[in-house]
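Number of protein chains: 2
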Amino acid sequence: MSANSVIKVGLLGAGTVGSEVARLIESDQSDLAARSGAAIEVVTIGVRDKGKDRPGVSRDLLTEDLDSVVTHPDVEIVIEVMGGIEPARSLIVKALNGKKSVVTANKALLAKHGAEIFAAAKANGVDLYYEAAVAGAIPIVRPLRESIVGDRVKRVMGIVNGTTNYILTKMDEENASYDSVLKEAQRLGYAESDPTADVEGHDAAAKIAILASLAFHTSVGIDDVFASGISHLTSRDIEIARAIDHVIKLLAIAEVTNKGAVSVRVHPTLIPRSHPLAAVRNAFNAVFVEAKSAGELMFYGRGAGGAPTASAVLGDLVAISRHISFGGLGGRESDYADLPIASIEEVATRYLIRLDVADRPGVLATVAQTFAKHAVSIQTVRQSGRGEDAELVIMTHSALDKDLASTVSELQSLDMVKRVESVLRVEGVDPSDSSSNSARK
Amino acid sequence: MSANSVIKVGLLGAGTVGSEVARLIESDQSDLAARSGAAIEVVTIGVRDKGKDRPGVSRDLLTEDLDSVVTHPDVEIVIEVMGGIEPARSLIVKALNGKKSVVTANKALLAKHGAEIFAAAKANGVDLYYEAAVAGAIPIVRPLRESIVGDRVKRVMGIVNGTTNYILTKMDEENASYDSVLKEAQRLGYAESDPTADVEGHDAAAKIAILASLAFHTSVGIDDVFASGISHLTSRDIEIARAIDHVIKLLAIAEVTNKGAVSVRVHPTLIPRSHPLAAVRNAFNAVFVEAKSAGELMFYGRGAGGAPTASAVLGDLVAISRHISFGGLGGRESDYADLPIASIEEVATRYLIRLDVADRPGVLATVAQTFAKHAVSIQTVRQSGRGEDAELVIMTHSALDKDLASTVSELQSLDMVKRVESVLRVEGVDPSDSSSNSARK
Numbered sequence: 098m099s100a101n102s103v104i105k106v107g108l109l110g111a112g113t114v115g116s117e118v119a120r121l122i123e124s125d126q127s128d129l130a131a132r133s134g135a136a137i138e139v140v141t142i143g144v145r146d147k148g149k150d151r152p153g154v155s156r157d158l159l160t161e162d163l164d165s166v167v168t169h170p171d172v173e174i175v176i177e178v179m180g181g182i183e184p185a186r187s188l189i190v191k192a193l194n195g196k197k198s199v200v201t202a203n204k205a206l207l208a209k210h211g212a213e214i215f216a217a218a219k220a221n222g223v224d225l226y227y228e229a230a231v232a233g234a235i236p237i238v239r240p241l242r243e244s245i246v247g248d249r250v251k252r253v254m255g256i257v258n259g260t261t262n263y264i265l266t267k268m269d270e271e272n273a274s275y276d277s278v279l280k281e282a283q284r285l286g287y288a289e290s291d292p293t294a295d296v297e298g299h300d301a302a303a304k305i306a307i308l309a310s311l312a313f314h315t316s317v318g319i320d321d322v323f324a325s326g327i328s329h330l331t332s333r334d335i336e337i338a339r340a341i342d343h344v345i346k347l348l349a350i351a352e353v354t355n356k357g358a359v360s361v362r363v364h365p366t367l368i369p370r371s372h373p374l375a376a377v378r379n380a381f382n383a384v385f386v387e388a389k390s391a392g393e394l395m396f397y398g399r400g401a402g403g404a405p406t407a408s409a410v411l412g413d414l415v416a417i418s419r420h421i422s423f424g425g426l427g428g429r430e431s432d433y434a435d436l437p438i439a440s441i442e443e444v445a446t447r448y449l450i451r452l453d454v455a456d457r458p459g460v461l462a463t464v465a466q467t468f469a470k471h472a473v474s475i476q477t478v479r480q481s482g483r484g485e486d487a488e489l490v491i492m493t494h495s496a497l498d499k500d501l502a503s504t505v506s507e508l509q510s511l512d513m514v515k516r517v518e519s520v521l522r523v524e525g526v527d528p529s530d531s532s533s534n535s536a537r538k
Numbered sequence: 098m099s100a101n102s103v104i105k106v107g108l109l110g111a112g113t114v115g116s117e118v119a120r121l122i123e124s125d126q127s128d129l130a131a132r133s134g135a136a137i138e139v140v141t142i143g144v145r146d147k148g149k150d151r152p153g154v155s156r157d158l159l160t161e162d163l164d165s166v167v168t169h170p171d172v173e174i175v176i177e178v179m180g181g182i183e184p185a186r187s188l189i190v191k192a193l194n195g196k197k198s199v200v201t202a203n204k205a206l207l208a209k210h211g212a213e214i215f216a217a218a219k220a221n222g223v224d225l226y227y228e229a230a231v232a233g234a235i236p237i238v239r240p241l242r243e244s245i246v247g248d249r250v251k252r253v254m255g256i257v258n259g260t261t262n263y264i265l266t267k268m269d270e271e272n273a274s275y276d277s278v279l280k281e282a283q284r285l286g287y288a289e290s291d292p293t294a295d296v297e298g299h300d301a302a303a304k305i306a307i308l309a310s311l312a313f314h315t316s317v318g319i320d321d322v323f324a325s326g327i328s329h330l331t332s333r334d335i336e337i338a339r340a341i342d343h344v345i346k347l348l349a350i351a352e353v354t355n356k357g358a359v360s361v362r363v364h365p366t367l368i369p370r371s372h373p374l375a376a377v378r379n380a381f382n383a384v385f386v387e388a389k390s391a392g393e394l395m396f397y398g399r400g401a402g403g404a405p406t407a408s409a410v411l412g413d414l415v416a417i418s419r420h421i422s423f424g425g426l427g428g429r430e431s432d433y434a435d436l437p438i439a440s441i442e443e444v445a446t447r448y449l450i451r452l453d454v455a456d457r458p459g460v461l462a463t464v465a466q467t468f469a470k471h472a473v474s475i476q477t478v479r480q481s482g483r484g485e486d487a488e489l490v491i492m493t494h495s496a497l498d499k500d501l502a503s504t505v506s507e508l509q510s511l512d513m514v515k516r517v518e519s520v521l522r523v524e525g526v527d528p529s530d531s532s533s534n535s536a537r538k
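For the protein sequence lines, the chains are A and Y, in the order given. Position one of the first sequence corresponds to residue 98 (the numbering used here), numbered consecutively onward. Position one of the second sequence corresponds to residue 98 (the numbering used here), numbered consecutively onward.
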């Protein structure tokens, strides 16, 4: 053990996560000390409003002078769980410049200003840890940064937003409409009164930007991510997916294209029911990783909530405390690979397209011709009459986004096509079917 | 970067895993250098027989003088992938005593001599990493040692042997008998010609001993593990499990009992089909972790094979190389908690018991009385006639192993009980059903 027999911590934010962190540091102190090599003590907590009730958090530690937390002379580690871009960004940079290590759970900030913050940590020779920023309690940042760092990651594909996964699970299992499930989710506190950040995929986009940066050793920001949400999904979409033994999930995907660029996107996606991600229900999160040597890996658990997020923060806190006690620093982000970012137009996936067409001879031929003209190859077609109209459900082979877009645009101009009801991407085969031969034990 | 612009590595063993490690260090050198802060070079490879054909491995590096690998003056990191207890143990200890860091994939060795080896690493101030020793490519050692180190692990429950999971998957999905699937598995190379270590649970026992030590900060060796295998399972057992929506898996379980002792065991176990572990098919592995704050976590992937195991070895190699380049040491095992080990007699689980009984009035009453007498409470009974006999399938509530054992022993002495056909443990509820309220995103 070093001379530091007590490591002093400053906390920014005392909401659900911050309060839980403060309580756990207090209640688990002997275990944390045994694992860290030093006692850990919270000495100051910066909040916006001292007056609020925070059970289990000592009022004496609270201050509304946030700056004083990051400039506190005794503080060696700052934990930022206040969220938002400013003043979080300035405070973290100031802490790092003051040679304090930082733990943050702030995905939006890292996805926007990650490069600046990583550089400040490196320049000052201190640690910056953020396991809690992505998928709550699930260890995914450290495995990507340290465990499979000797391998080549090909793809990261995750369910990283619990609100939307809860909504999609209910729509699938209870045949409920998007609107009714969203209302129910808001009533239960699973969704915000303004659900935009979740349902439009912005939250997932920030998280996958962070994972993509780690996986591909390339700086990826939120503006590099294509995001499309779930608010337009209908019960019929879910029903069609079920009929072909698939389920719809909001997936965040980062991969290296065959041209060596990084593609990062968030969109509702059909995956086979036998795929490990299909079994991830309700508010649970999971991240699926494909690497050259390791093959398929999946990390599953709780993506949010006070206690799970606090667990991730405390793991980081112990790691940094060990470095202070015994020397050393954690692994650094690197962007040495510096791959180009692929635009969504150049990304190839399979698609499921649902059309409302006139029920008369020759329609299918014309529709098929339109796909062929734009180099989109059809895998299966399912036609079902319903009075004067028919529904065409078309699954394509892998096609470029831009080719699919021009196909859809031309379909919309055809008289016999009354409506393009939906266009959804399709991913994934069950890995335990396709390639079990390479793993024996 | 430090003065070490090249880090020299000695390799012990050049079988499937060792050859793959040597090839990858060669083929991925620029990526490994960028991630490690130094070039990594294999300078010597110790093998038992230099004459063997090893594609992609330079003959010039081979030596049959294993000692020379661990005493080589330029070698800073020794990678041990030869397996077995001796000479692996002596060689690793000699390397550590010579201030070389060690990466090992040797689960049997760590489960038997872990305490001695960890102590040698600590005494010499060098790193000892062994991600590849448990569940191949799946990052589980580092998450337990570093990610959830700020939390309290309550339970670790894993499918950590691919051979038995392959056999059980085929028995379940193809209604095949144990013997026929084992023969098929041997033919395909999934099972050894002597399958004892896998099918009797010894391999899983070594792995769960390692995970238990990490999870509970307590030294757990293979002799502390209760192990029972799958060779006595019948198609009827699988069928009964299916009828009650369960599946049988060989689970390795480590948990803290309500008396504060550590229970570590391996046995075939019924789990609900909705449990995340139930979906782990064929040769895949998965480890399920329950922690106080984090809740349920699962880690899934390939548990064996040359490339997946090599991926884990290279991740450890990069971590140690970073320490050599930039300073610092990895997290250490700790046994500060030093919890007592619970004997299997004191472990409580639910049970499924299948009896062949005489089909006459009063049998059920007598059987029920026998359970009650030994304080084992029955949850459900299913009786089905088959000629002169009847089959009784009894699910109990949670009961102590010793109470169940005395119940079974008395049942066997009853005239009307022709045979106790099977006794199987039952675990698990689907976490995404029971407690989704605590995690939102």
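Virtual Cβ for every residue (Gly too), placed ideally from N, Cα, C.
For the region 389-413 of chain A, residues whose beta-carbon sits nearer than 7 angstroms to a beta-carbon of chain Y comprise Ser390, Ala391, Gly392, Glu393, Leu394, Met395, Phe396, Tyr397, Gly398, Arg399, Gly400, Ala401, Gly402, Ala404, Pro405, Ala407, Ser408, Leu411, Gly412. For the region 420-448 of chain Y, residues whose beta-carbon sits nearer than 9 angstroms to a beta-carbon of chain A comprise His420, Phe423, Gly424, Gly425, Leu426, Gly427, Gly428, Arg429, Ser431, Tyr433, Ala434. When the alpha-carbon of valine 154/A is set against those of Val118/A, Leu188/A, Arg370/A, the nearest one is in Val118/A. Using a C-beta cut-off of 8 angstroms, the region 334-344 of chain Y makes no contact with the region 240-249 of chain Y, since fewer than three inter-stretch Cβ pairs fall below that distance. Burial is judged here by how many other beta carbons sit within 10 angstroms of a residue's own beta carbon; glycine 403/A has at least 16 and is buried. When the Cα atoms are used, alanine 502/A and leucine 521/A turn out to be separated by approximately 12 angstroms. A straight-line Cα-Cα distance of about 15 angstroms links serine 133/Y and serine 408/Y. The alpha-carbon of threonine 354/Y is positioned some 35 angstroms away from that of glutamate 183/Y. At a Cβ-Cβ threshold of 9 angstroms, glutamate 524/Y and isoleucine 368/Y count as neighbours.
Around the beta-carbon of lysine 147/Y, fewer than 16 other beta-carbon atoms lie within 10 Å, marking it exposed.
Shortest Cα-Cα distance from glycine 255/A to any of Leu129/A, Asp269/A, Gly298/A, Arg516/A involves Gly298/A. Among the residues facing chain Y, glutamate 183/A is not included, as its CB has no counterpart in that chain under 9 angstroms away. Residue state for alanine 309/A is assigned as helix, using DSSP reduced to three classes.
Any Cβ of chain Y closer than 9 angstroms to the Cβ of arginine 252/A would place that residue at the interface, and such an atom is absent. Counting only residues of its own chain and dropping the five nearest sequence neighbours on each side, glycine 412/A has a CB closer than 7 angstroms to the CB of Glu228. By a beta-carbon distance limit of 8 angstroms, alanine 135/Y contacts isoleucine 104/Y. Their separation comes to about 5 angstroms. Listed along chain A are Val246, Gly247, each with a C-beta nearer than 7 angstroms to that of valine 415/Y. In this structure, alanine 324/Y lies near alanine 302/Y, with their beta-carbon atoms less than 9 angstroms apart. Using a Cβ distance threshold of 9 angstroms, valine 361/Y and alanine 434/Y do not count as a contacting pair.
A direct Cα-to-Cα measurement between glycine 222/A and valine 517/A gives close to 55 angstroms. Per DSSP, the continuous alpha helix (DSSP H) segment holding methionine 268/A begins and ends at 259-271.
Within 9 angstroms of the CB of glutamate 336/Y, no CB atom of chain A is found; the nearest one sits about 22 angstroms away. Spatial neighbours of serine 116/A in its own chain (CB-CB distance under 6 angstroms, excluding positions within 5 residues in sequence) are listed in chain order as Arg151, Val154. At least one CB of chain Y lies nearer than 9 angstroms to the CB of isoleucine 235/A. As DSSP reads the structure, isoleucine 450/Y sits in a beta bridge with Ile491/Y, Val520/Y. Residues of the region 210-235 of chain A with a C-beta atom less than 8 angstroms from some C-beta of chain Y are Glu228, Gly233, Ala234, Ile235, listed in chain order. For histidine 210/A, the secondary structure class from DSSP, reduced to helix, strand or coil, is helix. For the region 378-432 of chain Y, the continuous beta strand (DSSP E) assignments of 3+ residues that do not extend past its boundaries occur at 381-388, 392-399, in sequence order. The beta strand (DSSP E) runs lying completely inside the region 331-373 of chain A and spanning 3 residues or more are 343-353, 359-369, given in chain order. Closest option to isoleucine 327/Y, judged by alpha-carbon separation, among Gly180/Y, Leu449/Y, Asp125/Y, Thr261/Y: Thr261/Y. Contact of histidine 314/A with chain Y is assigned, a C-beta pair being separated by under 9 angstroms.
In its own chain, leaving out the 5 sequence neighbours on each side, no residue places its CB closer than 7 angstroms to the CB of glycine 459/A.
Separation of the CB atoms of alanine 349/Y and lysine 304/Y is rounded to 6 angstroms, and the pair is thereby assigned contact status at 8 angstroms. For lysine 105/A, the enclosing beta strand (DSSP E) starts and ends at 103-109. Bridge partners of glycine 482/Y according to DSSP: Ala487/Y. In terms of CA proximity to glutamate 442/Y, Leu497/Y leads the group Arg483/Y, Leu497/Y, Ala401/Y, Met492/Y.
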